[in-house]
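As structure tokens, the structure follows; a few thoughts come after it.
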Amino acid sequence: MKKLLSILLTAAISAATAISAFAYDKTNITVHNTEKHGLYITVGGTKIYCDKTELPFIDENDRTQIPVRAVSNALGKKVDWNDTDKTVTISDYNDDKNTVIFTIDSKSMLKNNNAVNMDTEPKIFNNHTYVPLKFLGEAFGCDVDYTTEDRFSDITVSRISDFAGFNQADSITVWGNIESLFHEAGALGSIMPYEGEAPDLNANYIRAYKVTMRENDTNSEYDVYWDTLYHKTFVKTDVVLYTANEAFPRFLDSLLEAGGDAIYVVDDKDRELFAKYGWNINYKLASLTDTLPQFNELGDFSANEYYYLYNNELSKDIGLDLSKYAEKAVTVDIYQLREGMPEKFYPITTARGIVVKYENEIIGAFISTGRHQVENACSLSGKSYDEITNMSFADFIVPLLKSEDDMKSKTPEEIIKMYCEALNEKDEDTAIQCIAKTTMFGGVTSNLLNTELYDSIPHLPLTNKTFVKDDERRIDNIKSISNVEIKPHDNKNSDEKHKSYTVTFDAEYVREEAISNGNQYWICTMVYESDNTGWKISSFGH
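Mapping the sequence shown onto the working numbering, position 418 (from 1) lands on 412, and the numbers just tick up by one.
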């Protein structure tokens, strides 16, 4: 049996569930100075994640310097920086009496107000605060060991089918804590020899991956097949075919998209919060900074405002309220979760955990699939927006909408004509005013990368442009919209707040994607959004 699969099978057979790789001993720190992977630190066998700009290094006194926040987070400590005194204070979250204070460029450390002499000093390097690992670790009773041995193997995941996920690399090689995660994800549930009629592993709905582990000069490998139509998973060695849990290929699929940006150390508080509601975090996809909106009034459409307004109701379901921190700068961590979305969201399965923090305290958390419809989201308890609020988002926002005096008295035909003229003139602001807020909101996660929270560049109907760079606008894909004709359309669903119109025009695009140049025929659905905003375009369809 191949080595890696043997580990997975042993884990699956010997335990009903895998033991978390992150329940590690925080009193055992090891400095690994290796030929293959360079210098890195493990705490209880788990590698400390450091950004590329804050890697550990060995100073002129032969001491290992480590970014203070990285090692403190791994040890479960809080960090406070005093810019005036150039001091950094590290302490237990629940015990301020157990405190260590370092002063930049000073060889004296304070341990519970007692001076300790060091043979090196803390430093500012690449705009990050570094402290000598030996003295920090020993101050908190940790054993600090040194070795040239590598703890981890290299694992390569390669895509071997034409059917692929979104924006995926052909292959990726990872190492570190991901090795333990592979064992957990593969061992989740039962991996058993497959019995039955041989499946068609070459079907066009199969995503296939090759997993290779390299340890010293030895390679071991196996193939994973994900049946995305019937939601089955097969693991194949040279001679045996096994069945596995769907969590494993979801894990591989997301990893190929995240690439080298996936981060394999997770804040303990985040992990504990999700575990409380039955979710397991695999790894961090991204850590972003953002500013919360004001929450109490909605003017011109803003992806930021609507995204947080919607998802705050999901956070409230577990007792967290983002609105208390309106207009504050926050950090947002995006995690890949082992479990899939609740069954009610089928066929959407992939789930991301979103955690919003202010000054390192969790103030919001919810589950989101990311791309596709923004409404594919739920609270940590698994409830949808409608289940929590007992109303649609369209009804929820009506009391918050500011009056649009220049728009609310216009007829549906006038709004459609205005929109077409705005597209022709590349007037994005006017075009946005013509579209229903919920329609604009529905586009904020369309074709979104898993490492992103929302798309702040408006998705406007008929612009015929899916992907844009940060400095581009979708409306700029339009060369011209001309010869517009608008006529009422007979629709059995029309009523006093819903109307349909046929819209024909000639279109020319910079680049043809879903829509070809030439004469266009569309059915435009209009909705009376509110007394404050009047008629808006809901959709263009055929």
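Think of the CB as a built atom: it goes at the ideal place given N, C-alpha and C, for glycine as much as any other residue.
Since we're looking at a predicted model, the values are computed, not measured.
### Query
What is the DSSP secondary structure of residue 451, reduced to helix, strand or coil?
Working through the sequence shown from its first residue, we reach residue 451 at position 457. It is coil, neither helix nor strand.
### Under 8 angstroms between C-beta atoms of residue 55 and residue 142
The residue you call residue 55 lines up with position 61 of the sequence shown. The residue you call residue 142 lines up with position 148 of the sequence shown. No, Cβ-Cβ distance for residue 55 and residue 142 is not below 8 angstroms.
### Task
Please report the Cβ distance between residue 222 and residue 199, rounded to the nearest whole angstrom; I am assuming they are in contact, meaning their Cβ atoms lie under 8 angstroms.
Residue numbering aside, residue 222 sits at position 228 when the sequence shown is read from its first letter. Residue numbering aside, residue 199 sits at position 205 when the sequence shown is read from its first letter. Residue 199 and residue 222 do touch by the CB rule: their CB atoms are close to 5 angstroms apart, below 8 angstroms.
### Query
Going by C-alpha distance, which of 360, 455 and 283 is nearest residue 272?
Start at 1 with the first residue of the sequence shown, and residue 272 comes out as number 278. The option with the nearest alpha carbon to residue 272 is 360.
#### Entry: From 265, 412, 150 and 363, residue whose alpha carbon lies closest to that of residue 67
Residue numbering aside, residue 67 sits at position 73 when the sequence shown is read from its first letter. The alpha carbon of residue 67 has as its nearest neighbour, out of 265, 412, 150 and 363, the alpha carbon of 265.
### Message
Does residue 371 come out as helix, strand or coil in the three-state DSSP assignment?
### Response
The count along the sequence shown starts at 1 and reaches residue 371 at position 377. Here residue 371 sits in strand by DSSP.
#### Entry: Beta-carbon proximity list for residue 467, same chain, < 7 angstroms, skipping 5 on both sides
For the purposes of this step, residue 467 is identified with residue 473 of the sequence shown, where counting begins at 1. Answer for residue 467: 422 and 451, listed in chain order.
### Query
Taking the runs of the beta strand (DSSP E) that are 3 residues or longer, which of them lie wholly in the region 243 to 313?
With a minimum length of 3 residues, the continuous beta strand (DSSP E) runs that stay inside the region 243 to 313 are 275 to 285.
### Query
My guess is that residue 352 and residue 324 are in contact by the Cβ rule of under 8 angstroms, so how many angstroms apart are they, rounded?
Within the sequence shown, the letter at position 358 stands for residue 352. Within the sequence shown, the letter at position 330 stands for residue 324. 5 angstroms between Cβ atoms; contact.
### Query
With contact counted as at least three CB pairs below 8 angstroms, one residue from each stretch, are the region 507 to 523 and the region 398 to 415 in contact?
Result yes; three or more Cβ-Cβ pairs closer than 8 angstroms.
#### Entry: Under the three-state DSSP convention, the category residue 474 falls into
Indexing the sequence shown from 1 puts residue 474 at position 480. Correct three-state label for residue 474: strand.
#### Entry: Simplified DSSP assignment, three categories, for residue 428
The sequence position of residue 428 within the sequence shown is 434, counting from 1. DSSP places residue 428 in coil when its eight states are reduced to three.
### Task
Apply the 10 Å Cβ neighbour rule to residue 431 and answer buried if 16 or more other Cβ atoms are within range, or exposed otherwise.
By 1-based counting over the sequence shown, the position of residue 431 is 437. Classification of residue 431: buried, given that the 10 Å Cβ count is 16 or more.
### Query
Taking just the CA atoms, how far does residue 261 sit from residue 59?
In the sequence shown, the residue the question calls residue 59 occupies position 65. In the sequence shown, the residue the question calls residue 261 occupies position 267. Each residue's CA atom was taken as its position, placing residue 59 and residue 261 some 22 angstroms apart.
### Task
Take residue 392 and list the residues in its own chain whose beta-carbon comes closer than 6 angstroms to its own, dropping the five residues that flank it on each side.
Numbered from 1 along the sequence shown, position 398 holds the residue referred to as residue 392. Excluding sequence neighbours, residue 392 sits near 524.
### Query
Pairing CB atoms from the region 292 to 307 with CB atoms from the region 373 to 392, are three or more of them under 8 angstroms?
Contact between the region 292 to 307 and the region 373 to 392 is present: three or more C-beta pairs spanning the two stretches fall below 8 angstroms.
### Query
In three-state DSSP terms, what is residue 207?
Numbered from 1 along the sequence shown, position 213 holds the residue referred to as residue 207. Note: residue 207 maps to strand in three-state DSSP.
### Query
Three or more C-beta pairs closer than 8 angstroms, one from the region 84 to 96 and one from the region 23 to 33: is that the case here?
No, they do not touch.
### Task
Find out if the Cβ-Cβ distance for the pair residue 527, residue 402 is shorter than 8 angstroms.
As a position in the sequence shown, residue 527 is number 533, starting the count at 1. As a position in the sequence shown, residue 402 is number 408, starting the count at 1. A contact, by the Cβ cut-off of 8 angstroms.
### Span separating the alpha-carbon of residue 533 from that of residue 512
Locating residue 533 in the sequence shown gives position 539, counting from the first residue. Locating residue 512 in the sequence shown gives position 518, counting from the first residue. C-alpha separation (whole angstroms): 20 angstroms.
### Query
Starting from residue 68 and walking both ways along the beta strand (DSSP E), at which residues does that stretch end?
As a working note, residue 68 is residue 74 in the sequence shown. The continuous stretches of beta strand (DSSP E) do not include residue 68, which lies in the alpha helix (DSSP H) extending over residues 62 to 69.
### Task
Indicate the three-state DSSP secondary structure (helix, strand or coil) for residue 359 in the structure shown.
Your numbering for residue 359 matches position 365 in the sequence shown. The DSSP-derived three-state label of residue 359 is strand.
### Query
Alpha carbon to alpha carbon, how far is residue 308 from residue 372?
Along the sequence shown, one-based indexing puts residue 308 at 314. Along the sequence shown, one-based indexing puts residue 372 at 378. If you draw a straight line from the Cα of residue 308 to the Cα of residue 372, it is about 6 angstroms long.
### Rounded straight-line distance, which links the Cα of residue 224 to that of residue 243
The sequence position of residue 243 within the sequence shown is 249, counting from 1. The sequence position of residue 224 within the sequence shown is 230, counting from 1. About 13 angstroms.
### Query
On the three-state DSSP scale, how would you describe residue 468?
Indexing the sequence shown from 1 puts residue 468 at position 474. Here residue 468 sits in helix by DSSP.
### Query
In three-state terms, what does DSSP make of residue 352?
Taking the sequence shown and counting its residues from 1, one reaches residue 352 at position 358. Of the three classes helix, strand and coil, the one that applies to residue 352 here is strand, per DSSP.
#### Entry: Segment limits, alpha helix (DSSP H) that includes residue 380
Numbered from its first residue, the sequence shown carries residue 380 at position 386. Counting along the chain, residue 380 sits inside the alpha helix (DSSP H) bounded by residues 379 to 383.
### Query
How long is the line joining the alpha carbons of residue 336 and residue 276, rounded to whole angstroms?
Here residue 336 is taken as the residue at index 342 of the sequence shown, counted from 1. Here residue 276 is taken as the residue at index 282 of the sequence shown, counted from 1. Between residue 336 and residue 276, the C-alpha separation is close to 17 angstroms.
### Message
Check for me: the alpha helix (DSSP H) holding residue 416 runs from which residue to which?
### Response
Mapped onto the sequence shown, residue 416 falls at position 422. Where residue 416 is concerned, the enclosing alpha helix (DSSP H) stretches over 406 to 419.
### Task
In the DSSP assignment, find the alpha helix (DSSP H) that holds residue 131 and state where it starts and stops.
Mapped onto the sequence shown, residue 131 falls at position 137. From DSSP, the alpha helix (DSSP H) with residue 131 extends over 127 to 133.
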